[in-house]
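Below you'll find the structure, written out as structure tokens, and then a few comments.
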Amino acid sequence: MPLTETRPARSKRIAAVDVLEPRAFDSWTHTRNGDPRGYIDADQLKELWIHTGTACNLACPFCLEGSHPGDGRIPGMKLSDVKPFIHEAIDMGVAQFSFTGGEPFVIRDFVNILDYASQHRPCFVLTNATEPLLKRRHQVLPLLDNPYPIHFRVSLDFPDRARHDKDRGEGSFEQALEGIHWLIEQGFKVSIARQTDLDEIPADVEAAFRTIFRDRSIPENLAFTAFPDLGTPGSEDGSPEITETCMEKYPTKEARSHFMCTYTRMLVKKGDQVRVYACTLVDDDPQYDLGGSLAESMEERIMLRHHRCFSCYRFGASCSAPG
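Adding 150 to a residue's 1-based position in the sequence shown gives its number in our numbering.
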């Protein structure tokens with residue numbers, strides 16, 4: 151793909167199969183100012199993420215994957231695609247399998263993948279808990295009998311039906327609450343992913359959610375994970391670049407260990423091949439393609455070039471399950 155100086159507009163949907171981040175035009179190892187970039191050397195593979203594909207039943211304009219109905223930027227996964235990696239990860243001591251999309255339940259083979267994975271390790275699923283999940287309740291319920299538990303994190307952006315539905319579509323708020331109630335009623339663990347506002351008081355926002363939960367007989371003690379705006383694929387938010395000095399001077403060793411690229415990898419299907427990417431937030435930059443082997447990917451030094459790396463640096467953003 152030829153390089154170009156044109157930078158895609160933040161609001162424009164990117165339809166290309168591979169999207170080059172604007173920062174991919176610059177050096178992998180040095181910032182635009184010529185300073186050595188910050189980096190992470192991986193430790194141990196604790197969590198393997200599996201990207202089920204960018205197809206989704208919703209078309210949220212803020213989606214960090216640019217997902218929408220029929221989207222094919224990242225094709226849907228099949229059980230045959232992921233089986234070898236599941237066993238490689240088990241051999242490496244992985245503690246959990248996690249799934250993201252798009253909407254995983256849109257993918258035909260997803261329940262089979264989740265069934266297989268939860269035979270071997272605990273699983274964590276990001277979902278909007280709307281129609282695709284609700285239609286497959288008869289397939290999801292038997293998974294409760296598998297040897298390892300499945301935790302669902304449901305996207306519920308704001309404690310405001312109108313604001314939530316403005317981007318996700320009319321009725322999606324109530325459908326998500328129905329999905330949450332059903333999952334909990336069956337015995338699955340559920341937590342909530344929400345969006346943040348710059349001037350919010352987190353305790354007040356979560357109290358408003360709990361009022362909604364109480365009115366619908368949903369437990370009020372669900373854990374929340376709050377996410378900043380991470381931008382759409384190919385976007386550039388103007389965040390500072392992370393230098394080697396930043397990483398040496400400011401984060402403690404313990405803080406550095408919480409960067410997802412220290413302990414996670416993500417499987418992404420590119421054409422007919424499954425590739426290993428550094429984490430869940432960088433699949434729009436082919437430089438983060440670490441090859442076709444989990445073991446080899448853990449030997450790669452991860453340069454913190456993507457603008458979303460700054461979100462991890464500043465906010466401690468993590469896609470992993472809440473503790």
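Note that the Cβ used here is the ideal one computed from N, Cα and C, for glycine as well.
1. Roughly how many angstroms separate the alpha carbons of K233 and A245, rounded to a whole number?
2. Please determine, among A428, C459, M453, T280, the residue with the shortest C-alpha to C-alpha distance to S447.
3. Which residues mark the beginning and the end of the alpha helix (DSSP H) in which E281 is found?
4. Express the C-alpha separation of E238 and E171 in angstroms, rounding to a whole number.
5. Which of helix, strand or coil does DSSP assign to M397?
6. Quick one: what's got a C-beta closer than 8 Å to D307's C-beta in the same chain, skipping five residues either side?
7. If we count the other Cβ atoms within 10 Å of its Cβ and call it buried at 16 or more, is K419 buried or exposed?
8. State the DSSP-derived secondary structure class of S177, mapped to helix, strand or coil.
9. Just list the alpha helix (DSSP H) runs in the region 313-385, keeping only unbroken ones of 4 residues or longer that don't cross its boundaries, in chain order.
10. Using a Cβ-Cβ cutoff of less than 6 Å, which residues in the same chain neighbour R173 once the five nearest sequence positions on both sides are dropped?
11. With distances taken between CB atoms, is the gap from E356 to R364 smaller than 9 Å?
12. Can you find the residues in the same chain that come closer than 6 Å, C-beta to C-beta, to K196, ignoring five residues on each side of it along the sequence?
13. Can you grab the Cα-Cα spacing for the pair L284 / Q336, in whole Å?
14. With H, G and I counted as helix, E and B as strand and the rest as coil, what does DSSP make of H301?
15. Give the secondary structure of K233 by DSSP, where H, G and I count as helix, E and B as strand, and everything else as coil.
16. Looking at the secondary structure, which residues open and close the alpha helix (DSSP H) in which S406 lies?
17. When you compare only the Cα positions, how much space is there between A267 and F247?
18. Among T179, G251, D193, K228, which residue has its Cα nearest to the Cα of D221?
19. Measuring CB to CB, does A192 end up less than 9 Å from I452?
20. Quick check on DSSP: helix, strand or coil for R271?
21. Between the C-alpha atoms of N278 and Q289, what's the straight-line distance to the nearest angstrom?
22. If you follow the beta strand (DSSP E) that S248 is part of, which residue opens it and which one closes it?
23. Could you spell out where the alpha helix (DSSP H) holding M410 opens and where it closes?
24. Among E320, R303, H301, F302, which residue has its Cα nearest to the Cα of D310?
25. Are there 16 or more other CB atoms within 10 angstroms of the CB of R425, so buried, or fewer, so exposed?
26. Just verifying my parser: in three-state terms, what is the DSSP assignment at L444?
27. Start and end of the beta strand (DSSP E) containing L198?
28. Between the beta-carbon of R187 and the beta-carbon of T402, is there less than 9 Å?
29. So who's on the other strand from V432, going by DSSP bridges?
30. Since I believe F249 is in contact with T202 (beta carbons under 8 Å), could you give me their beta-carbon distance rounded to a whole number of angstroms?
31. Go through its chain and collect everything with a Cβ distance to E350's Cβ below 7 Å, but skip five positions before and after it.
32. Applying the 10 Å Cβ sphere with the 16-neighbour rule, what's the burial state of I240?
On the basis of the coordinates in this document:
1. Between the C-alpha atoms of K233 and A245 there is a straight-line separation of about 16 Å.
2. Ranked by Cα distance from S447, the options A428, C459, M453, T280 are led by A428.
3. Under the DSSP assignment, E281 falls in the alpha helix (DSSP H) whose first and last residues are 281-285.
4. For E171, the predicted structure reports a pLDDT of 46, less than 50, and the residue's modelled location is therefore unreliable. The matter cannot be settled from this model.
5. Helix, per DSSP.
6. Result list for D307: R313, H314, D317, R318, R344, Q345, in chain order.
7. Buried, because 16 or more other Cβ atoms sit within 10 Å of the Cβ of K419.
8. Residue state, collapsed to three classes: coil.
9. Segments of the alpha helix (DSSP H) lying fully in the region 313-385: 322-336, 352-365.
10. Its pLDDT being 49, under 50, R173 is placed unreliably by the model, and the measurement read from it follows with that caveat. The answer, listed in chain order, is R455.
11. With a cutoff of 9 Å on beta-carbon distance, E356 and R364 are scored as not near each other.
12. Answer for K196: A245, Y413, listed in chain order.
13. Distance between the alpha carbons of L284 and Q336: 13 Å.
14. Reduced to three states, the DSSP call for H301 is strand.
15. In the structure shown, K233 sits in a helix (DSSP, three-state: H, G or I).
16. At residue 406 the sequence reads Arg, which differs from the Ser that was named. Run containing R406: 403-406, per the alpha helix (DSSP H) assignment.
17. About 7 Å.
18. The shortest C-alpha separation from D221 is found at G251.
19. Pairing A192 with I452 gives a Cβ-Cβ distance under 9 Å.
20. In the structure shown, R271 sits in coil (DSSP, three-state: anything other than H, G, I, E or B).
21. Whole-angstrom Cα-Cα distance: 17 Å.
22. Here the beta strand (DSSP E) through S248 covers 246-250.
23. Taken as a continuous stretch (DSSP letters only), the alpha helix (DSSP H) holding M410 covers 410-413.
24. Considering only alpha carbons, the answer is E320.
25. Here R425 is buried, its C-beta having at least 16 other C-beta atoms within 10 Å.
26. Look at L444 here: in three-state DSSP terms it is helix.
27. Element bounds for L198: 197-201.
28. Cβ distance not < 9 Å, so R187 and T402 don't count as in contact.
29. Residue pairing of V432 in beta bridges, as defined by DSSP: absent, with no partner found.
30. Right, their Cβ atoms sit about 6 Å apart.
31. Correct list: empty, nothing qualifies.
32. Looking at its Cβ environment, which holds fewer than 16 other Cβ atoms inside 10 Å, I240 is exposed.
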